[in-house]
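Novice:
2 protein chains.
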Amino acid sequence: MSDEHDNLAFLIADTNRLIRQFFQQRLRCSPITLAQARALFYVSRFEGVKQVELADALEIQPMTMARLLDQLCDLQLVERVQDPNDRRAYQIFLTPAAKPHLAEIERVSALMREQMLSTLGSEQVSSFMRTLIRLRTGLLND
Amino acid sequence: MSDEHDNLAFLIADTNRLIRQFFQQRLRCSPITLAQARALFYVSRFEGVKQVELADALEIQPMTMARLLDQLCDLQLVERVQDPNDRRAYQIFLTPAAKPHLAEIERVSALMREQMLSTLGSEQVSSFMRTLIRLRTGLLND
DNA sequence: TGCATATAATAAGCAGAGCTTACAATATAG
DNA sequence: CTATATTGTAAGCTCTGCTTATTATATGCA
Numbered sequence: 001m002s003d004e005h006d007n008l009a010f011l012i013a014d015t016n017r018l019i020r021q022f023f024q025q026r027l028r029c030s031p032i033t034l035a036q037a038r039a040l041f042y043v044s045r046f047e048g049v050k051q052v053e054l055a056d057a058l059e060i061q062p063m064t065m066a067r068l069l070d071q072l073c074d075l076q077l078v079e080r081v082q083d084p085n086d087r088r089a090y091q092i093f094l095t096p097a098a099k100p101h102l103a104e105i106e107r108v109s110a111l112m113r114e115q116m117l118s119t120l121g122s123e124q125v126s127s128f129m130r131t132l133i134r135l136r137t138g139l140l141n142d
Numbered sequence: 001m002s003d004e005h006d007n008l009a010f011l012i013a014d015t016n017r018l019i020r021q022f023f024q025q026r027l028r029c030s031p032i033t034l035a036q037a038r039a040l041f042y043v044s045r046f047e048g049v050k051q052v053e054l055a056d057a058l059e060i061q062p063m064t065m066a067r068l069l070d071q072l073c074d075l076q077l078v079e080r081v082q083d084p085n086d087r088r089a090y091q092i093f094l095t096p097a098a099k100p101h102l103a104e105i106e107r108v109s110a111l112m113r114e115q116m117l118s119t120l121g122s123e124q125v126s127s128f129m130r131t132l133i134r135l136r137t138g139l140l141n142d
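Going down the list, the sequences are from chains H and C. So the first sequence is numbered by UniProt numbering: it starts at 1 and just counts up by one. So the second sequence is numbered by UniProt numbering: it starts at 1 and just counts up by one.
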């Protein structure tokens, strides 16, 4: 069992799966997935930007972002507005309906953080996050 | 961009995606996925156990494990042998062909570890892993 | 012994997250 | 004005994992 723990990749993959499960269980009221939540979260922080820019920020392909936005549009949490300066592009905005969902996401995030980090000191947590970011950066320059 | 870093869940999901990409790129010679590698890795450590036990060890559903073993059987890296004590069950064994693949997995793991952790001290790494395991445990008791 | 219940594996089918390739419409540089 | 680049999308694939039956076998119990 704890043999796995030699292997960082497996451990992260595993944790990721548990996070997704956790997230989906708590959020069954609002039918949003982790990836959608992440996209929505970014939209709320960069409202009005183009899809390409969003995709870039999330480091996913434009097509993947287009699909996520399709879903968020279907749920009427997000609007595509023609960019007045570029008729190819859309600007992405939140709808009023998005607010409670964002709050819900925040709530579940906090819950999860609580459940994961409750036994850790805040110093430990921030050190952990910093290390994780460095790992991630190491993988990015591929 | 760095706004995401407030959110541990998103950060881990993201890192996971990068790990999977890394893994698949380096391993294109042998057509094995991360999940298959993980299963194979476990089989090598618990050779002869039943599928249910493997599923349990990896904390995935028996059906998910059955599929993974189907794939590994197709690749002839693993064999299902009738359990002499229980005619419902199979015991899982490596084939001789598995060895080089396991070595390859080891190689790529080491490569990834190197690339992710090169800038970190070993003390930092083990502290990181310990914290990660605690997070994961926190999520497990759901 | 015989039956009810539990367990091992699997069939079938779905969902989530992401990718690639190809293409239309529009911008922009030369 | 033409060539090139960019925005968004259609179509379809992969990978990882799940749920809900079903079949075959074990096993506890009466």
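By construction, the Cβ of each residue, glycine as well, lies at the ideal position given by its N, Cα and C atoms.
#1: 8 Å is my cut-off, CB to CB: does L135 (chain C) come that close to chain H?
#2: Within 10 angstroms of its Cβ, does S2 (chain H) collect 16 or more other Cβ (buried), or is it exposed?
#3: Compare the C-beta of Q91 (chain H) with all C-beta atoms of chain C and state if any pair is closer than 8 Å.
#4: Would you identify the three-state DSSP class for L69 (chain H), choosing helix, strand or coil?
#5: What are the residues in the segment 102 to 113 of chain C lying within 8 Å of chain H by C-beta distance?
#6: Please list, in chain order, the residues of the segment 3 to 31 of chain C that have any C-beta partner in chain H closer than 7 Å.
#7: With a threshold of 8 Å between beta-carbons, can L120 (chain H) be considered close to chain C, or not?
#8: Along chain C, in chain order, which residues have C-beta atoms closer than 9 Å to that of L34 (chain H)?
#9: Taking the alpha helix (DSSP H) that Q24 (chain C) falls in, what are its first and last residues?
#10: Classify D70 (chain H) as buried or exposed, calling it buried when 16 or more other Cβ atoms lie within 10 Å of its own Cβ.
#11: CA-CA distance, residue 151 (chain H) and E59 (chain C)?
#12: Strictly under 8 Å for the Cβ-Cβ distance: is M1 (chain C) near chain H by that measure?
#13: Exposed or buried, what is E4 (chain C) when buried is set at 16 or more other beta-carbons lying within 10 Å of its beta-carbon?
#14: Contact defined as beta carbons within less than 8 Å: I believe L34 (chain C) pairs with R45 (chain C). What is the distance between those atoms, to the nearest angstrom?
#15: Express the C-alpha separation of V49 (chain H) and Q61 (chain H) in angstroms, rounding to a whole number.
#16: Measure the C-alpha to C-alpha separation of A66 (chain C) and Y90 (chain C) and round it to an integer number of angstroms.
#17: Any idea what DSSP makes of F46 (chain C), helix, strand or coil?
#18: How would you write the range of the alpha helix (DSSP H) that residue 200 (chain H) sits in, first residue to last?
#19: Over what stretch of residues does the beta strand (DSSP E) that includes Q82 (chain C) continue unbroken?
#20: Label G121 (chain H) either buried or exposed according to how many other C-beta atoms from any shown protein chain fall within 10 Å of its C-beta, with 16 as the threshold for buried.
#21: Using a Cβ-Cβ cut-off of 6 Å (strictly less than) and excluding sequence neighbours within five positions of A39 (chain C), which residues of its own chain qualify?
#22: Could you check how far apart the C-beta atoms of residue 143 (chain H) and L94 (chain H) are, in whole angstroms? I think they sit under 8 Å.
#23: Please report the distance separating the alpha-carbon of G138 (chain H) from that of V81 (chain C).
#24: Taking the straight line between their C-alpha atoms, what separation do you get for K99 (chain H) and E53 (chain C)?
#25: Would you tell me roughly how many angstroms separate the C-alpha atoms of L140 (chain H) and T15 (chain C), rounded to the nearest one?
#26: Excluding the 5 residues flanking R26 (chain H) on each side, which residues of the same chain have their C-beta closer than 6 Å to its C-beta?
#27: To which residues does DSSP link Q91 (chain C) through a beta bridge?
#28: Using a beta-carbon distance below 8 Å, is R38 (chain C) in contact with chain H?
Specialist: Looking at the atomic coordinates:
#1: By 1-based counting over the second sequence, the position of residue 135 (chain C) is 135. Closer than 8 Å: yes.
#2: To locate residue 2 (chain H), count along the first sequence from 1; it is residue 2. Bear in mind that the predicted position of S2 (chain H) carries a pLDDT of just 39, short of 50, making it unreliable; the figure below should be weighed with that in mind. Answer is exposed; the Cβ neighbour count stays below 16.
#3: Position 91 of the first sequence, counted from the start, is the residue given in the question as residue 91 (chain H). Answer no: the Cβ-Cβ gap between Q91 (chain H) and chain C never drops below 8 Å.
#4: As a working mapping, residue 69 (chain H) is identified with position 69 in the first sequence. Helix.
#5: S109, M112 and R113
#6: D3, H5, N7, L8, A9, F10, L11, I12, A13, D14, T15, N16, L18, I19, F22 and F23
#7: Here residue 120 (chain H) refers to the residue found at position 120 of the first sequence. Judged by the 8 Å Cβ criterion, L120 (chain H) is in contact with chain C.
#8: Locating residue 34 (chain H) in the first sequence gives position 34, counting from the first residue. Ordered by position in chain C, the residues that pass the 9 Å Cβ test against L34 (chain H) are A9, F10 and A13.
#9: Working through the second sequence from its first residue, we reach residue 24 (chain C) at position 24. Residues L8 to R26.
#10: Mapped onto the first sequence, residue 70 (chain H) falls at position 70. Exposed is the call here.
#11: The structure shown does not extend to residue 151 (chain H), since chain H spans only 1 to 142, so no value can be given for it.
#12: What you label residue 1 (chain C) is simply residue 1 of the second sequence in a count that begins at 1. Residue placement at M1 (chain C) is flagged as unreliable, the pLDDT there being 36, under the threshold of 50; the coordinate-derived value follows with that caveat. So yes, M1 (chain C) belongs to the interface.
#13: For the purposes of this step, residue 4 (chain C) is taken as residue 4 along the second sequence, with counting starting at 1. At E4 (chain C), the pLDDT of 46 sits below 50, so the modelled position is not reliable; the number obtained from the coordinates is stated separately. E4 (chain C) comes out buried.
#14: Residue 34 (chain C) sits at position 34 when you count from the first residue of the second sequence. Residue 45 (chain C) sits at position 45 when you count from the first residue of the second sequence. Between R45 (chain C) and L34 (chain C) the Cβ distance is about 17 Å, and since that is not below 8 Å, they are no contact.
#15: Position 61 of the first sequence holds residue 61 (chain H). Position 49 of the first sequence holds residue 49 (chain H). Those two C-alpha atoms are separated by around 16 Å.
#16: Taking the second sequence and counting its residues from 1, the one referred to as residue 66 (chain C) is at position 66. Taking the second sequence and counting its residues from 1, the one referred to as residue 90 (chain C) is at position 90. Spanning the two alpha carbons is a distance of roughly 11 Å.
#17: As a position in the second sequence, residue 46 (chain C) is number 46, starting the count at 1. Of the three classes helix, strand and coil, the one that applies to F46 (chain C) here is coil, per DSSP.
#18: Any question about residue 200 (chain H) goes unanswered here, given that chain H covers just 1 to 142.
#19: Counting from 1 along the second sequence, the entry for residue 82 (chain C) is found at position 82. Run containing Q82 (chain C): V78 to D83, per the beta strand (DSSP E) assignment.
#20: Locating residue 121 (chain H) in the first sequence gives position 121, counting from the first residue. That one is exposed.
#21: Residue 39 (chain C) sits at position 39 when you count from the first residue of the second sequence. Excluding positions up to five away in sequence, the list reads L68.
#22: Look at the range of chain H in this structure, 1 to 142, and you will see that residue 143 (chain H) is not part of it.
#23: In the first sequence, residue 138 (chain H) corresponds to position 138, counting from 1. In the second sequence, residue 81 (chain C) corresponds to position 81, counting from 1. Between G138 (chain H) and V81 (chain C), the C-alpha separation is close to 42 Å.
#24: Along the first sequence, read from residue 1 onward, the residue named residue 99 (chain H) stands at position 99. Along the second sequence, read from residue 1 onward, the residue named residue 53 (chain C) stands at position 53. Approximately 45 Å, taken between the alpha carbons.
#25: Along the first sequence, read from residue 1 onward, the residue named residue 140 (chain H) stands at position 140. Along the second sequence, read from residue 1 onward, the residue named residue 15 (chain C) stands at position 15. When rounded, the distance between both Cα atoms is 9 Å.
#26: Taking the first sequence and counting its residues from 1, one reaches residue 26 (chain H) at position 26. V108, listed in sequence order.
#27: As a position in the second sequence, residue 91 (chain C) is number 91, starting the count at 1. Q91 (chain C) is bridged to C:K50 and C:V81.
#28: Residue 38 (chain C) sits at position 38 when you count from the first residue of the second sequence. It does; some Cβ of chain H falls within 8 Å.
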